[in-house]
Every structure is written in structure tokens, then in C-alpha cells.
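J.:
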Amino acid sequence: MQTYTYLDNGAATRLDERVLEAMTPYFLEAYAVATSEFGYSLGIESKEALDVARASLAARLGASPEEFVFTSGDTESSNMALKGVALALGEKKGKHIIVSKIEDFPVLHSAQALERQGFRVTYLPVDGEGVVDLEALEKAIDRETFLVSIQHANQEIGTIQDIAAIGRVCRKKGVLFHTDATHTFTRVSIDVSDVPVDLMSVSAHTIHGPKGIGGLYVRKKTPIAKWMDGGFQEFDLRAGLENIPGAVGFARAADLVTDEENQRLTGMRDRILDRLLNEVPDTVLNGHRSSRVPQNANVSFHYVEGESITLHLDIRGFAVSTGSACFSRSLEGSHVIFGIGGDHERAHGSIRFTLGRFNTVEEVDQVISTTSEVVAQLRRISPLAPHEAPSEEAK
Amino acid sequence: MSQPYTEKVMDHFKNPRNVGKLENANAKATEGSPACGDMVSVYLKINDQTKRIDDVTFESYGCASNIATGSIITELAKGKTIEEAKNITWKQAADELGGLPPLKAHCSVLAVEGLRAAIENYEETHGLVKERKATTVEEVRRRLKKVMNPLVGLDLVKTELITGIMVEKGKVTVSVDLPETNQFANTIRQEVIEKIEPLWDVNEVEVRFAG
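Below you can see the structure in the form of C-alpha cells.
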């Protein structure tokens, strides 16, 4: 059987067996609903597991346990942050929120949904490397602004924002600050006792944890309305039967990410970027060269289209993704590449490699040489590619 | 595992036939642009006596459907007369490939359009256009819709870059609302000339830039 190398860890990751092992008892043994300490013993056991998981994840952020709300993933977390705060504050303080242009869909589309309900939204531009301009942010905040939502790192190009500085601007101006940390949680250190952030979305699916579990950090006293109604779970902020195996798995997954692993991923990331940029002509970097998450490498190859590249790579046993319109469900090119000033060709030719725990340097070298071959092959048939000896063309 | 593409599409995608520029081609056309995601160039060597397509090649900047359709269209066109080749439809090309995903129709239709445009290009450059209508401003405008504005990825007409078209005694003047110093000015000029010059009654094309 052909080996298959998975390099789309920014989309979803393979579960670590140790995570599965930690979760299994909560499917088969301690499967009861989490009850109060006055409940039956199986329910108390569930409750304890949930508490331990919560405390451990909160500690990773420098938060206290009651500031960490479990959700079904980062999509729900960001919906809850934007819509929950808008619901709690919108009428009191004004109706203006600020997001960056290159946010991932949970934030971007929540902002658009609020816009349809009469809120005003500023979509803050970023520079060519994907970095938000702090002065522009400060200028964009007006008397009606109640929330700023700027991601910690970008889902496609991996650029890390200076959330400490953004948080300080928000504090100074007296507005709340939410950050989507889906692609940085455990990969880039975050300490909310240091960084003035009020809400933060995290998820297990990007760190070899299970799908369907995430969390929202909510700083104490942050005004946020409950928008999923039902029972009184999660400090009465998010109703629904607790996903205890998920919570246990999320906590275990976070524990398994070490600095050493992040350094290893950084090394592989740099290898991909250095070699592709040096060895493949007419290739450009997408995102910031150094201020980027350890697991993300993204480049654009001129004169070729991304769906063709990914399909050729898939045939040869590699999974990667692209910002090409042809690849997307909406037939629209990547809003992130457009956001950093790229044109359609750059979006079409963009390829994202996202690394995970199970990737090796050998795989990285293989994907580099295979990508280089595929790009050369597609350029040979591309009308856009400059060919060495121009043949006599018909007029 | 289910694949969106048929085996035949994958075969033509992996090993496209008749690719590259054609030496001694006597007709060529390019359809699409990087902005609409896909681009196809078709090169033809047409026998001037028999009007048969002796040789045909294509180049593609695009997804799998685009490459596969470009490839199959060259196989379908080779050996046909230009009249026969003009009637090749997208449906025929798609059927020949065992079907294409509907979502990808827009990528694959370009190859068929490219072939037709290359034949038109031959007819125009070889004095074969039957109805020799005098070139009008409308005709020039229609053709300019195929020239892309690389700044935004839509055509020149749609993006309102054309501020004037004059047709006078075989000379066409097109005014473009971009400074001469713009990085794309030269590309735009060349593309405009390429689209307008083949018209039978046009001897000269001038592209004027603002400022």
C-alpha cells in the first residue's frame, strides 16, 4: 500500500492514542451525567473528571477554572463570544465591533450576522505579512465600539498577532477583546494573567484531540449573555449535556503538547519554507517569516493553480490544502490572501502545509521534492509560465 | 473511495495530450484569465487548402477539469475541418470524458471557447469572415470584455477602465483609465491589440493611457 503523508493538520488532526485511552473510560464506565456532590457516585465521578479537565485547561492559559467554558469547538466558542457579548452589551454601549479582515469564518461570519442585525462592523486591514496595524485599530475604536475580535494566529498563513499590544489598546479604550486562539493554543504560549484578553476561543481538533470539543475563556465579570438555552451547565453560560469524554480528551491532548514538540515542528516548518523558496523559482511566502505558528508553512507558486497541485500531490500520497477558488466550496479564492494584498493568481497558487505530531523530517523532504516536481510539471503546460525559448507564435 | 472525477478525466489530467506551444501554428487564442481561475490557450495548424486542422495543442492554467477538457478537445479537433471543429460542444467534450462535476462546468467550457476563438482568429487573419461587417464601437467593446484588468481580476469593460473607443478609417483607438506608468499598462496594451487587430478592416490599434 502506498504510504500517505498527512499535512493538513490545520484542518483536523489524527487523534493521539493516549488521548483515546484517557477518554475511553468515560464512554464505557463513568458515562453518567455530571451531577452535584449530592448525586449518585457514578455522576460524581463524571463531575470530578470534568472539573479536573477544566482546571488543567484553564491552568494552561493562566486562567482560573470558572473562567473556562466547554463548547463544541472553536466555531461555537467564537459565535458565543461575539453574539453573546453583543446580546449582553449591544444596546447599552453602542453597536460597533471591530474584527480583522483575515479572521477565520467563525468570527468573520458571526460579525456579518451581527451586521445584518443592525450592528456596525469595521473590518480592519492587515499588512502584506498579515499583521494588524495597532494605530489603525486605535483609530477605528469609537464611542460605540464594545468589542474587538482579532485572532491570535491566522488559519491559512500562520501569522501571529501581538495580542498583548492589541489587548492594551482595547483596555486603554475600554472595549472588550476576544481572540481566536484555535491555531495557537499550546503551540504558542498564552497567559491571560499577563495578556489583557477578555475572551479566547480554543479547540481540541488542532492538537490531536477529539473533534467536537472546544472552549471559551471568559474573564471574570465579562458581560456575556447565554445564547444556548437549556439546563444550567457550564456556569449557566452554555446549556447542554457535558461532553465529558471530549473534555477529558481535550485536557489530555493539551498536556501532550510540549515545547520540545513545538520546536521540532518549527524546524520542519522552516525546512519547508527555506527549501521551497530557494529551490522552486517564482515562489512567494505567504505570511510572516518568523512570527508564525510552528505548524504552518504557506507559499504561492506562480503560473499554476492550487487544485491541480493538491490533486497531483494526493495521487502521490500527500494531503495539503490550497486557497484556490477551485478547491473551495464557495468557488471563491482565499480572503486571507486577498487580505494581505495578494491577487487572484497568488490565491490560486497558494499551498498550505500544516504539520502535526506524527510528521517526520523524511516526510517533509519528500513533500518538498514532490511538490517541486508537480509545480514544474504544471508549469510546462501553463500559458502563464515564461518558457525558455519562445516559439514562433501565430499572430 | 469516491472521486469527483472519472477515470478518463484523471487520465487526461495526469497525462495531458498535445500540450505546449505549437511550432508554426497559424492560429491561436487564449480564453479566461487568472482572475476567473482558469485559462486556456489553443494553438492550431490549419491546412490552408483543405481547411483541416493538421495539428492542435493547448496550454492550461487551471484545475483538473480545465486540463482534462483542454486535452480532450485537442483529440476531438485534430483532423477535423474548421467547420466541423466549430461545432464541437462542451457537452461532447464532457461526454467524451465520461462526465464532469457540474460545479466545474465553468472551468471546462473555456477549452471549447478557446478552440472556437482560435478558429475565428484563423478566419479573421485569412480573410475568411463571410459577413464582412464594418467594425463598430460595440464590436470593439465586446472584444474588450475578454481583456482582463489584472488589478481586480474582472474585464476592462466591467471595471470601467475604458473611457473611450473610437473607430475611424481602419484605426481603433481605445482609451484606458490607467496611468502609463502602471505596472500592468504594457500587458493591457498588448492584450487589447491582440483582441482588436485581427478584425478585417482594422489596420491600426492605438491604446491610450491616462496622463
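In order, the protein sequence lines correspond to chains A and B. Add 78 to the 1-based position in the first sequence for the numbering used here, that's all there is to it. Add 1148 to the 1-based position in the second sequence for the numbering used here, that's all there is to it. We put the beta carbon where it would ideally sit given N, CA and C, even for glycine. Please read all numbers here as calculations on a predicted model, not as lab measurements.
(1) Determine whether the beta carbon atoms of A/Glu216 and A/Val247 lie at a separation below 8 Å.
(2) Name, going along the chain, the residues of the region 87-119 of chain A whose beta-carbon falls closer than 8 Å to a beta-carbon of chain B.
(3) Taking the Cβ atom as the reference point for each residue, do A/Val382 and A/Ser460 lie within a distance shorter than 8 Å?
(4) For A/Thr475 and A/Ile268, which I take to be in contact (beta-carbon distance under 8 Å), what is that distance rounded to the nearest angstrom?
(5) So the alpha helix (DSSP H) A/Tyr109 belongs to, where does it begin and stop?
(6) Any idea if A/Glu471 is buried or exposed, counting beta-carbon neighbours within 10 angstroms, 16 or more meaning buried?
(7) Might you give, ordered along the chain, the residues of its own chain that have their beta carbon closer than 6 Å to the beta carbon of B/Val1157, omitting 5 neighbours on each side?
(8) Could you give the C-beta distance for B/Val1260 and B/Thr1237, rounded to a whole number, given that I count them as a contact under 8 Å?
(9) Quick one: which chain B residues come within Cβ less than 8 Å of A/Leu391?
(10) Measuring alpha carbon to alpha carbon, tell me which of A/Arg92, A/Pro143 and A/Ser227 ends up nearest A/Val163.
(11) Apply the 10 Å Cβ neighbour rule to B/Tyr1153 and answer buried if 16 or more other Cβ atoms are within range, or exposed otherwise.
(12) Looking at the structure shown, is B/Lys1228 part of a helix, part of a strand, or coil, going by DSSP?
(13) Does A/Val280 have its Cβ less than 8 Å from a Cβ in chain B?
(14) Which runs of the alpha helix (DSSP H) at least 4 residues long sit entirely within the region 167-199 of chain A? Give them in chain order.
(15) Taking buried to mean at least 16 other C-beta atoms within 10 Å of its own C-beta, is B/Gln1331 buried or exposed?
(16) Counting only beta-carbon separations shorter than 8 Å, does B/Gly1318 have a partner in chain A?
(17) So, do the region 278-297 of chain A and the region 142-149 of chain A have three or more beta carbon pairs nearer to each other than 8 Å?
(18) Just grab the DSSP bridge partners of B/Tyr1209 for me.
(19) Using a Cβ-Cβ cut-off of 6 Å (strictly less than) and excluding sequence neighbours within five positions of B/Leu1248, which residues of its own chain qualify?
(20) Report buried or exposed for A/Gln229, applying the criterion of at least 16 other Cβ atoms within 10 angstroms of its Cβ.
(21) Whole angstroms are fine: how far does the CA of A/Asp337 sit from the CA of B/Ile1341?
(22) Taking the Cβ atom as the reference point for each residue, do A/Ser428 and A/Ser378 lie within a distance shorter than 8 Å?
(23) Out of A/Ile387, A/Ala375, A/Arg435 and A/Gly417, state which residue places its alpha-carbon closest to the alpha-carbon of B/Phe1161.
(24) Given this structure, state the Cα-to-Cα distance separating A/Leu128 from A/Met306, to the nearest angstrom.
(25) What residues in the region 451-466 of chain A bring their beta carbon closer than 9 Å to a beta carbon of chain B?
(26) Give the residues from the region 358-387 of chain A that approach chain B closer than 9 Å (Cβ to any Cβ), ordered along the chain.
(27) What in chain A is Cβ-close to B/Ile1106, meaning under 8 Å?
(28) Mind pulling the alpha helix (DSSP H) runs of 4 or more residues that sit fully within the region 379-462 of chain A?
(29) Could you tell me which of A/Ile175, A/Lys304 and A/Pro103 sits nearest to A/Arg194, measuring between CA atoms?
(30) In the DSSP output, what is B/Met1314 paired with across the bridge?
(31) Using 8 Å as the cut-off, can you tell me whether the region 354-371 of chain A makes contact with the region 196-215 of chain A, which would need three or more C-beta pairs spanning the two stretches below that distance?
(32) Does B/Ala1212 have its Cβ less than 8 Å from a Cβ in chain A?
(33) Taking the alpha carbon of B/Leu1263 as the reference point, which residue from B/Gly1275, B/Gly1218, B/Ala1253 and B/Lys1306 has its own alpha carbon closest?
(34) Is A/Gln239 buried or exposed, if buried means 16 or more other CB atoms sit within 10 Å of its CB?
(35) Taking contact to mean at least 3 C-beta pairs separated by less than 8 Å, is the region 147-161 of chain A in contact with the region 274-284 of chain A?
(36) Spell out a yes or no on whether the region 96-110 of chain A and the region 317-329 of chain A are touching, meaning 3 or more CB-CB pairs, one atom from each, closer than 8 Å.
T.: So, from the listed chains and residues:
(1) Within the first sequence, residue 216 of chain A is the residue found at index 138, counting from 1. Within the first sequence, residue 247 of chain A is the residue found at index 169, counting from 1. The Cβ atoms of A/Glu216 and A/Val247 sit closer than 8 Å to each other.
(2) Residues passing the 8 Å Cβ filter: none.
(3) To locate residue 382 of chain A, count along the first sequence from 1; it is residue 304. To locate residue 460 of chain A, count along the first sequence from 1; it is residue 382. Taking C-beta atoms as the reference points, A/Val382 and A/Ser460 count as a pair closer than 8 Å.
(4) Since the first and last residues shown for chain A are 79 and 473, residue 475 of chain A lies out of range.
(5) Within the first sequence, residue 109 of chain A is the residue found at index 31, counting from 1. Element bounds for A/Tyr109: n/a, residue is neither H nor E.
(6) Residue numbering aside, residue 471 of chain A sits at position 393 when the first sequence is read from its first letter. For A/Glu471, the predicted model reports a pLDDT of 39, less than 50, meaning its position is unreliable and no value from the coordinates is stated.
(7) The residue given as residue 1157 of chain B occupies position 9 in the second sequence. Within its own chain, the residues whose Cβ lies closer than 6 Å to the Cβ of B/Val1157, once the five positions on either side in sequence are excluded, are Ala1216 and Leu1245, listed in chain order.
(8) Here residue 1260 of chain B refers to the residue found at position 112 when the second sequence is read from its first residue. Here residue 1237 of chain B refers to the residue found at position 89 when the second sequence is read from its first residue. Their Cβ separation, rounded to whole angstroms, is 7 Å, which keeps B/Val1260 and B/Thr1237 in contact under 8 Å.
(9) Walking along the first sequence from the start, residue 391 of chain A turns up at place 313. Within chain B, no residue comes near A/Leu391; the closest Cβ sits about 12 Å away, beyond 8 Å.
(10) For the purposes of this step, residue 163 of chain A is taken as residue 85 along the first sequence, with counting starting at 1. Considering only alpha carbons, the answer is A/Ser227.
(11) Along the second sequence, one-based indexing puts residue 1153 of chain B at 5. Around the CB of B/Tyr1153, 16 or more other CB atoms lie within 10 Å, so the residue is classed as buried.
(12) The residue given as residue 1228 of chain B occupies position 80 in the second sequence. Secondary structure of B/Lys1228 (DSSP, three-state): coil.
(13) Numbered from its first residue, the first sequence carries residue 280 of chain A at position 202. Not one beta carbon of chain B lies nearer than 8 Å to the beta carbon of A/Val280.
(14) 183-194, all fully within the region 167-199 of chain A.
(15) In the second sequence, residue 1331 of chain B corresponds to position 183, counting from 1. Under this definition B/Gln1331 is an exposed residue.
(16) Translated into the one-based positions of the second sequence, residue 1318 of chain B becomes position 170. Between B/Gly1318 and chain A, the shortest Cβ-Cβ separation is not below 8 Å.
(17) Yes: the two stretches touch, three or more of their Cβ pairs being nearer than 8 Å.
(18) Here residue 1209 of chain B is taken as the residue at index 61 of the second sequence, counted from 1. B/Tyr1209 pairs with B/Met1187.
(19) Locating residue 1248 of chain B in the second sequence gives position 100, counting from the first residue. These residues qualify, in order along the chain: Ser1213, Ala1242 and Ser1256.
(20) Here residue 229 of chain A refers to the residue found at position 151 of the first sequence. Buried is the call here.
(21) Mapped onto the second sequence, residue 1341 of chain B falls at position 193. Mapped onto the first sequence, residue 337 of chain A falls at position 259. Their Cα atoms are separated by approximately 59 Å.
(22) Looking up residue 428 of chain A in the first sequence gives position 350. Looking up residue 378 of chain A in the first sequence gives position 300. Taking a C-beta distance under 8 Å as the contact criterion, A/Ser428 and A/Ser378 qualify as a contact pair.
(23) The sequence position of residue 1161 of chain B within the second sequence is 13, counting from 1. Looking only at A/Ile387, A/Ala375, A/Arg435 and A/Gly417, the smallest Cα-Cα distance to B/Phe1161 is reached by A/Ile387.
(24) Within the first sequence, the letter at position 50 stands for residue 128 of chain A. Within the first sequence, the letter at position 228 stands for residue 306 of chain A. Taking the straight line from one Cα to the other gives about 20 Å.
(25) Going along the region 451-466 of chain A in chain order, one finds Leu456, Arg458, Ile459, Ser460, Pro461, Leu462, Ala463 and His465 with a Cβ nearer than 9 Å to chain B.
(26) Listed in sequence order: Tyr381, Val382, Glu383, Gly384, Glu385 and Ser386.
(27) Examination of residue 1106 of chain B is not possible in this model, given that chain B is present from 1149 through 1359 alone.
(28) As far as the region 379-462 of chain A is concerned, its whole alpha helix (DSSP H) runs of at least 4 residues are 384-393, 413-417, 422-426 and 439-458.
(29) Along the first sequence, read from residue 1 onward, the residue named residue 194 of chain A stands at position 116. The shortest C-alpha separation from A/Arg194 is found at A/Ile175.
(30) In the second sequence, counting from the first residue as 1, residue 1314 of chain B sits at position 166. Residue pairing by DSSP places B/Met1314 opposite B/Thr1321 in a beta bridge.
(31) Yes, the region 354-371 of chain A is in contact with the region 196-215 of chain A.
(32) Here residue 1212 of chain B refers to the residue found at position 64 when the second sequence is read from its first residue. It does; some Cβ of chain A falls within 8 Å.
(33) On the second sequence, residue 1263 of chain B is found 115 positions in, with the first residue counted as 1. Per the Cα distances, B/Gly1218.
(34) Numbered from 1 along the first sequence, position 161 holds the residue referred to as residue 239 of chain A. A/Gln239 is buried by the Cβ-count criterion.
(35) Yes, since at least three Cβ pairs between the region 147-161 of chain A and the region 274-284 of chain A fall closer than 8 Å, the two stretches touch.
(36) With the cut-off at 8 Å, the region 96-110 of chain A and the region 317-329 of chain A touch.
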